[in-house]
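K.L.:
In this text, residue positions in the sequence shown follow the working numbering: the first is 36, and each later residue adds one.
Glycine included, each C-beta is placed from N, C-alpha and C at the ideal position.
Following this message is one structure expressed as structure tokens.
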Amino acid sequence: MNEPEVAAGGRLPDRIGTRTPAAVFSGVGVLLVAAGIAVPAFRTLLVAWGGTALFLALLVRFVFTGPTVSAAVATDIYTTMAGNARRRNPTGERRYHPTEGDGVSLVVGGETFEPVGERLLAAVETDAGSGPLNERLGVLVDVVVNEFELAGRASATTADGEATVTVAESRVGTTELFDHPVVSLVGVALARHLATPVAVEATVEDGRLVVTGRWSQGADELLERPDSDEGGEDERPDR
């Protein structure tokens, strides 16, 4: 005896036919507005309903355009993977090292990892080394909040030999912090911009994620200069 097929998923049009939610709301909105014009006694109410339906059509069409993963699911996946990686290297300073071709590696206890932040920044950055550091950090916190939506709020400060990014309402849990997406973005961005290894420390303070990157004092000149030196290679100070 054949068992019935059990399935889930599929594209939205496959589940509800060719009439997508945006099209349905648009049709309803147009009909309601037309009805309001045809029936003066109920014009205000019908036009208001029609406008609401048309607004929902735009919202569905341009905002909810693809599948999403909930923050809880993303956190569970990250926490498991980060825990496994951390157990391989339970101790040791975490450094983000620049490599050839604007690449960055995460080095912990002699082990080398590909940082999450490198893949994330590859999608949004085209000139990682230009501009003074404070401006680059301004772009970074905007990317964290508005581009990747990894946090509700973020701010950054700089001092001699270090930069601190503070994040509130992190979308990815902070139980594990090994190459946490926000931590990784900060480490990769700093290592790229300064062209020197950056030691990164992450803590949770009053529910906020605080990420501090520290580097050799020899790279501090990049805090002041407007553009990177494109005429030659920067000297990377030894640590």
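#1: Could you pull out every unbroken beta strand (DSSP E) segment of at least 3 residues lying fully inside the stretch 196 to 245, listed in chain order?
#2: Sort out for me which residues DSSP pairs A58 with in a bridge.
#3: So which of A109, D241, T247, L225 has the shortest CA-CA distance to S140?
#4: Which whole-angstrom value is the C-beta distance of T193 and L175, which I expect to be below 8 Å?
#5: With A157 as the anchor, note down where its alpha helix (DSSP H) starts and where it stops.
#6: According to DSSP, which residues form a beta bridge with F148?
#7: Counting only the same chain and skipping the five closest in sequence on each side, list residues whose C-beta sits under 8 Å from that of T79.
#8: Could you check the C-alpha separation between L89 and P75 for me, to the nearest Å?
#9: Would DSSP call G134 helix, strand or coil?
#10: Given the structure, does S205 come close to the ligand GDP, in the sense that its CB is under 6 Å from one of the ligand's heavy atoms?
#11: Using only alpha-carbon positions, find the residue among A158, S251, R227, R249 that is nearest to G166.
#12: Across which residues does DSSP place S190 in a beta bridge pair?
#13: Between the Cα of A234 and those of L156, R130, A186, spot the shortest distance and give me the residue it belongs to.
P.N.:
This is what the structure holds:
#1: 197 to 205, 233 to 240
#2: DSSP, once it has assigned bridges, lists no residue as partnering A58.
#3: L225
#4: Their Cβ separation, rounded to whole angstroms, is 12 Å, which puts T193 and L175 out of contact at 8 Å.
#5: 151 to 157
#6: L141
#7: G71
#8: 20 Å
#9: Per the sequence presented here, residue 134 reads as Thr, with Gly not at that position. Note: T134 maps to coil in three-state DSSP.
#10: The ligand GDP is not among the ligands present in this structure, which contains no ligands whatsoever.
#11: R227
#12: T201
#13: R130
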